[in-house]
Structures are given as C-alpha cells and as structure tokens.
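Asks:
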Amino acid sequence: MSAPTLAPAVPEARGRLRLTGIGKTFGGERDRVVALEGVDLDIRPGEFVAVVGGSGCGKSTMLAVAAGLEQPTSGTVTAAGGVALMFQESNLLPWLTAAQNVELALRLRGVDKVERREKARELLGRVKLARHADKRPHELSGGMRQRVALARVLAQEAAIVLMDEPFGALDAMTRDQMHDLIESLWLESGFTVVLVTHNVREAVRLADRSILMGSRPGRVIHTQPNDLPRPRLMDQGPVVAMAADLTRRLREEVADHDDADYFTI
Amino acid sequence: MTTPTTSRSEDAEQVADDVPVVRERPDRSRWARGPLPVLLAVVIFLAVWQVVVWTGWRPQYLLPGPVAVIGELGQLATQPLFWQALARTLLRALVGFALAVGIGTIIGLAAARSALLRAAIGSLVTGLQTMPSVVWFPLAILLLGLGEQAILFVVILGAAPSIANGVLSGVDHVPPAYFRLGKVLGAEGWRLYRFIVIPAALPAYVSGLNQGWAFAWRSLMAGELLVVIPGAVALGNRLAFAQEFGDATGLLAYMLVILVIGMLADLGFSALSRNLRRRRGLAVR
Chain A
813 MSAPTLAPAV PEARGRLRLT GIGKTFGGER DRVVALEGVD LDIRPGEFVA
863 VVGGSGCGKS TMLAVAAGLE QPTSGTVTAA GGVALMFQES NLLPWLTAAQ
913 NVELALRLRG VDKVERREKA RELLGRVKLA RHADKRPHEL SGGMRQRVAL
963 ARVLAQEAAI VLMDEPFGAL DAMTRDQMHD LIESLWLESG FTVVLVTHNV
1013 REAVRLADRS ILMGSRPGRV IHTQPNDLPR PRLMDQGPVV AMAADLTRRL
1063 REEVADHDDA DYFTI
Chain B
15 MTTPTTSRSE DAEQVADDVP VVRERPDRSR WARGPLPVLL AVVIFLAVWQ
65 VVVWTGWRPQ YLLPGPVAVI GELGQLATQP LFWQALARTL LRALVGFALA
115 VGIGTIIGLA AARSALLRAA IGSLVTGLQT MPSVVWFPLA ILLLGLGEQA
165 ILFVVILGAA PSIANGVLSG VDHVPPAYFR LGKVLGAEGW RLYRFIVIPA
215 ALPAYVSGLN QGWAFAWRSL MAGELLVVIP GAVALGNRLA FAQEFGDATG
265 LLAYMLVILV IGMLADLGFS ALSRNLRRRR GLAVR
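Protein chains in written order, with our numbering: chain A, 813 to 1077; chain B, 15 to 299.
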C-alpha cells in the first residue's frame, strides 16, 4: 500500500482560500451558541491543510462556511477557482449508478452527454473503480462509495477541495488506501485541500499544515507546519511524534472544558 | 449480484475495501414475494365462501356458490354488454385517475415549494382526504348534472389529495444532505428539483399514487351506483341493476370483476414500488 513514485513538489498551484475574521453563531437570544469566533485562515494554492479538533469545535461548521453552505455571521470568505466538498458519508444518490453520480456533477457544469459519459468513466478509473461504474451505491462497500464521491469531487474540477471527515467511517486498512489515493491525486492535480478530521495522525500523515481548533467558541488554537518527507505512513516515528505533540496540545485545550469531547491519535 | 472476489484482481491495493453490503434476503422468503401467496389467499377466500353456501345460511338463489358465480362470469364474458360496462368503467377510472395525478402533482409541488401555500392548504388537503368522497355526489350532480362530469369530478376529488400528499411527504423526506449536495454541485431552482428532489421523492410519490388510485376506484364505484346515466352501462350500475332484478349470481359475478381489478392494480403498484426500492438498496417488504 505504498505509492512509490510521488513527485516531490506540487506541480501547479490553483486555488487560494482565505477566511478572515469568520464568526458563526447559531440560535437566538437565549440559546445562542458561538460555533466560530475570529477564525482567520490563509491557505496557499495547492496547499494541503488539515483542520483537527474534537467534535463540537466548529470544524465542520467552518468547512460549511468555506463551501458556501452556511453564511458566516461575521467575516469574509474568498475562494479562488471554485470549491468542491466531500462529505462525511459519501452522500451518493442511491437511484443513480456510480457513473451516473459522477456524470451528474459534470452535467450540472454543462458538460455535454457524450463527453460526460467518457469523462465519468475516466474519473472512476482514476479512483480505481472503472469496473464498478454501473453499480449502484448500495452495491458498493463504504470505501468504494467514498471513492465514487472522490471521483465526483474531481468531476467538479474545483481548485479547492474541502473534505469533511471523509474517512471517519472506514476501517483502518481502507482508510490507508484512501490516504494514498487522495495524496497521489492531490500531487497530480495540484488542487488545494482542506481536510477536516478528528484523527490527529491522519492530519500529520497527509497535511502540509495542521490547524488545531478549540471549542466554545470554535477558534484556531495552534498551527503546525509539517514538512516531513512524503510519502508518510501513519505509524512512522516522526509522524507519531508530531501527532503526539498535537494531541498533547488538544488535551490541554480540552482540559479546560469538563465535558471533554473526543479525538483520536 | 457481484461476489466480493470479482474486484480483488482490479488492483492489489484493495483488501478490506471490497466487501459489498449483503442486500438480498435468503431464498426462504423468495416464494413469499411471488404470486403464490395471492393464489393461496384466493383459494382460501373461495373455500370459505363455498363453506358458507353449504351451511345453507341463505338459499342458493340469494347466495350462490363460487362455482355458479364463476360460471355466470364465463357466460357474461360472451356478451357485449359486459365488455361495454367494463370498458366504460375502466375508461372513467383511467381518465379520472390521470387528471387526479396531474392536478394532485401540481398542487403537491406548489405546496412543497411555498411555505405559505402549504400552511394554507396543508390541512385542507388532509381534510379532503379523510372526507368520504360519496359525500360530494349530491353537490356534483346538482352542479354538473347527472352525467360523466359529475363522476369524474368526484373521482378527481377523491384521488388528488392523496397524490398531493404523496408529493409533499416525498419532498419533506428528502435527506437534508441531498440539498447540501445539490448546492455544492450547483443545482438550484428547477434543476435541484429535476435532478435531486423529484427522484428522491419518487418512492413516496408512488405510495401516494397507489393510495390515490384506491380512492379513485372507490369513488368511481360509488359514483356508478348513484349516478345512473341512461344508456351508459358500467360495472357499478350493472350491480344496481342485478340487485333490482334479484340476480344474485350476476351481482356476485360483477363484484368479483371489481375485486379482481382492484387486486391487479394493487399488484401493479406494489411491483413498481418494490422495483424502485430494490434499485435503491432499500429494504423490500
């Protein structure tokens, strides 16, 4: 499960994502919840950033704001070159086959019929699902469904790809394969990635930069650059060490709240 | 159905990833979904009927047995009158149902898209649905006269609310995640409906159609008993006719025809709904 021929650098930078002073509150006067407060992020084109935090720290809300699914209460979002979002569950449409799910993204971008048929097959090939193009989502395993979702994200040809814990429901082996796949697609295509995860090691495995978030209010508590050589493995010494350090920082943050949420290393 | 092993060879990297979800039930229940249970039920029904006749509870000229009735049905099938009645009734049912589908769907979609409209007509639709459609006939006859229009009017009123409700409940139960997906993929307005909402709402819509059909059929039968148009033979008024002439065998033969049409329609809708659900990997009853 290694990807031996990874290019050393990102070939082409495309999308820059900037969040400035993002605040998001839910509820009314009495039940106000401050989900995000003063979140500033400046993500370089082609950068792979992981956002890590316990559940309830607002990381998914931040992603929804970046994707334009939620309006921030304050602050601005600038995303250059289009945004695609990969969901926690694959969120494939069950009445469509794998290929049709991918084709829908193309169709909604105005790609014509002949071209999108061809393109969908090609994209499924890139996620190694060419042979399952005509299966429906319920006929695929969890990992295969996430790969179809990934092909659909690629079909959007967005410069920025946001991922909301897309590997959370997968077993360790499948997750490792998804890591390799996403890393190689990212290196090939050079899009910007923001990966939200509660798995600290996953963040260190994949990202150029890990951003730790604390809760109540959701905010950035630490930024950890990561230039460990790629490809990395989840159980490599330096990966484990960096993850341990990040975990310690998260623990310190969580210790401030007595109903501490979970996160894993 | 694929076996987990077919994809193993695709790339050596895949290991734990390729075990598709088990979704077929064991063969034991397969026969339960075929035509056999229906046949069995029909046989039991006929047997009970025959037993009641044998008890001599009512003389045979009032309550003939299934053999006599089925014989009478064979007899009827040779007469053009029977086929005229059947054709007229089916035509009324299909036209009324088709109009109800159109009207119910438009009202359902409009109410699904507009909160105001929904609040305004939501409970009205449910109220109409619970109102026995036979109640409408006196008014319909008064307004439209003793004719086809009165019957169609009531058939539509009977069926359209169920269909509108099917649309509404289908749209209501579209998972929020699909709307988020639609937004991310850039599907807005009509395209959101065309590609995501309508297909997602389809199973509930089919249930609404099924229920709408049942109401249409009942309304039609009530209408054909009440609204007798001179010269226009139909299944319902053949019933009334048979009763007046004390023709119990003919009466039961026509009832049997009405029952069979209802069962066939139900089988059709069930098959449609089962097919839809199976394609989506949903549990099949």
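All C-beta atoms, glycine included, are put in the ideal place defined by N, C-alpha and C.
#1: Measuring alpha carbon to alpha carbon, tell me which of Glu882/A, Ala932/A, Gly866/A, Pro857/A ends up nearest Ile834/A.
#2: Per DSSP, Ile121/B is paired with what?
#3: Taking DSSP's pairing of strands, which residues face Ile1033/A in a bridge?
#4: Using the three-state DSSP reduction, which class does Leu296/B fall into: helix, strand or coil?
#5: If you run the structure through DSSP and keep just helix, strand and coil, what is Ala945/A?
#6: Closer than 7 angstroms between beta carbons: that is the criterion. Which residues of the stretch 125 to 159 of chain B meet it against chain A?
#7: Could you name the residues of the same chain whose beta carbon sits closer than 8 angstroms to that of Leu216/B, not counting the 5 residues immediately before and after it, in chain order?
#8: On the three-pair Cβ rule with 8 angstroms, is the stretch 903 to 911 of chain A touching the stretch 1013 to 1029 of chain A?
#9: To the nearest angstrom, report how far apart Glu258/B and Gln143/B are at their CA atoms.
#10: What does Phe838/A pair with, by DSSP beta-bridge criteria?
#11: Assess, as a yes-or-no matter, whether the stretch 99 to 118 of chain B is touched by the stretch 231 to 244 of chain B under the definition of 3 or more beta carbon pairs within less than 8 angstroms.
#12: Run through chain B and tell me which residues come within less than 7 angstroms of Ala917/A, C-beta to C-beta.
#13: Residues of chain B with a CB under 9 angstroms from the CB of Phe1003/A: which are they?
#14: CB-CB under 7 angstroms to Arg987/A, same chain, minus the five flanking residues each way: which ones, in chain order?
#15: Relative to the alpha-carbon of Thr890/A, which residue among Glu930/A, Leu897/A, Val877/A, Gly1030/A has its alpha-carbon at the smallest distance?
#16: With DSSP run on the structure shown, which of helix, strand or coil describes Met235/B?
#17: Measuring straight from C-alpha to C-alpha, what distance separates Val52/B and Leu253/B?
#18: In chain order, what residues of the stretch 948 to 959 of chain A put their CB closer than 9 angstroms to some CB of chain B?
#19: Going by alpha carbons, who is nearest to Arg1028/A out of Leu936/A, Leu829/A, Arg830/A, Lys836/A?
#20: Nearest by alpha-carbon distance to Ser147/B: which of Tyr268/B, Gln64/B, Ile212/B, Ala228/B is it?
#21: Give the range of the alpha helix (DSSP H) segment to which Leu862/A is assigned.
#22: Let me know if Val36/B comes out buried or exposed under the rule of 16 or more other beta-carbons within 10 Å of its beta-carbon.
Replies: Once the coordinates are examined:
#1: Answer by Cα proximity: Glu882/A.
#2: Paired residue(s): none; Ile121/B is not in a bridge.
#3: The secondary-structure analysis by DSSP pairs Ile1033/A with nothing; it has no beta-bridge partner.
#4: Correct three-state label for Leu296/B: coil.
#5: Ala945/A carries a coil assignment under DSSP once its states are collapsed to helix, strand and coil.
#6: Here the close residues number zero.
#7: Correct list, in chain order: Gly184, Leu290.
#8: No, they do not touch.
#9: Separation of Glu258/B and Gln143/B (C-alpha to C-alpha, rounded to the nearest whole angstrom) is 32 angstroms.
#10: Beta-bridge pairing by DSSP links Phe838/A to Val845/A.
#11: The stretch 231 to 244 of chain B vs the stretch 99 to 118 of chain B: in contact.
#12: Simply Leu199.
#13: Within 9 angstroms Cβ-Cβ: nothing; Phe1003/A doesn't reach chain B, min ~15 angstroms.
#14: Around Arg987/A: Phe979.
#15: If we check each option's Cα against that of Thr890/A, Val877/A comes out closest.
#16: Three-state result, Met235/B: helix.
#17: Cα to Cα, Val52/B sits roughly 25 angstroms from Leu253/B.
#18: Answer in chain order: Arg948, Pro949, His950, Glu951, Leu952, Ser953, Gly954, Gly955, Met956, Arg959.
#19: That would be Lys836/A, whose Cα lies nearest to the Cα of Arg1028/A.
#20: Nearest C-alpha to Ser147/B: Ala228/B.
#21: The question names Leu, but residue 862/A in the sequence shown is Ala. From DSSP, Ala862/A is part of no alpha helix (DSSP H) but of the beta strand (DSSP E) over 860 to 864.
#22: Interpretation of Val36/B is limited by its pLDDT of 48, a score under 50 that renders its predicted location unreliable; the figure taken from the coordinates is listed afterwards. Exposed is the call here.
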